[in-house]
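Below is one structure; the comments refer to it alone.
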Amino acid sequence: MTPAQRKQIARLLHALLTELTGRPPKKIEPNRTSEVAVGGDEDEQPLNEMLQSIASNRNRNSAQTLAQVRRALAKLEEEPDDFGVCENCGEDILFGRLKAMPFAELCTECQAKLDAPRGPTTRRKITDYV
Numbered sequence: 004m005t006p007a008q009r010k011q012i013a014r015l016l017h018a019l020l021t022e023l024t025g026r027p028p029k030k031i032e033p034n035r036t037s038e039v040a041v042g043g044d045e046d047e048q049p050l051n052e053m054l055q056s057i058a059s060n061r062n063r064n065s066a067q068t069l070a071q072v073r074r075a076l077a078k079l080e081e082e083p084d085d086f087g088v089c090e091n092c093g094e095d096i097l098f099g100r101l102k103a104m105p106f107a108e109l110c111t112e113c114q115a116k117l118d119a120p121r122g123p124t125t126r127r128k129i130t131d132y133v
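Mapping of the sequence shown onto my numbering: residues 4 to 133, in sequence order.
In structure tokens, the structure reads:
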């Protein structure tokens, strides 16, 4: 990776860091605060719980992404020659992947192996029924 490419990735990482630290966590107020008290329409409770779950997942994902961005920035500053190298196989991570996801720690092949389904899948093929 060239110094100009490193600088471009550093700008992307700093922009991501600013975006992630600049927005407050999502919060959905419950419409039921106790077993006895019911606020609003009771039929809205399942929808409200679903929205709370979605907001919680978004906050968790944002926190994970923020940690990855901070790790990438630290690595870029401490070990600039090792930045952009797959942590698993040691091959260079494609610059296009780093532009799309500047905090990537694995190359596309290693990430695909990690994300591949394990064990038998539940999806059936047409040949299973003949």
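No residue lacks a Cβ here, since even glycine has one placed at the ideal position from N, Cα and C. Just so you know, these numbers come straight off a predicted model, no measurement behind them.
Inter-residue spacing [alpha-carbon to alpha-carbon] between residue i and residue j
{"i": "lysine 78", "j": "phenylalanine 86", "result": "6 Å"}
{"i": "glutamine 71", "j": "threonine 130", "result": "43 Å"}
{"i": "arginine 61", "j": "alanine 107", "result": "19 Å"}
{"i": "threonine 24", "j": "leucine 109", "result": "24 Å"}
{"i": "arginine 9", "j": "leucine 50", "result": "45 Å"}
{"i": "glutamate 22", "j": "aspartate 95", "result": "27 Å"}
{"i": "isoleucine 12", "j": "tyrosine 132", "result": "51 Å"}
{"i": "leucine 69", "j": "leucine 19", "result": "8 Å"}
{"i": "glutamate 47", "j": "glutamine 67", "result": "30 Å"}
{"i": "lysine 102", "j": "asparagine 64", "result": "20 Å"}
{"i": "proline 27", "j": "threonine 5", "result": "35 Å"}
With 16 other Cβ atoms within 10 Å as the buried cut-off, status of residue i
{"i": "alanine 75", "result": "buried"}
{"i": "leucine 97", "result": "exposed"}
Three-way DSSP call (helix, strand, coil) for residue i in this model
{"i": "glutamine 95", "result": "The question names glutamine, but residue 95 in the sequence shown is aspartate. In the structure shown, aspartate 95 sits in a strand (DSSP, three-state: E or B)."}
CB contact flag (residue i, residue j, <8 Å)
{"i": "leucine 16", "j": "proline 105", "result": "yes"}
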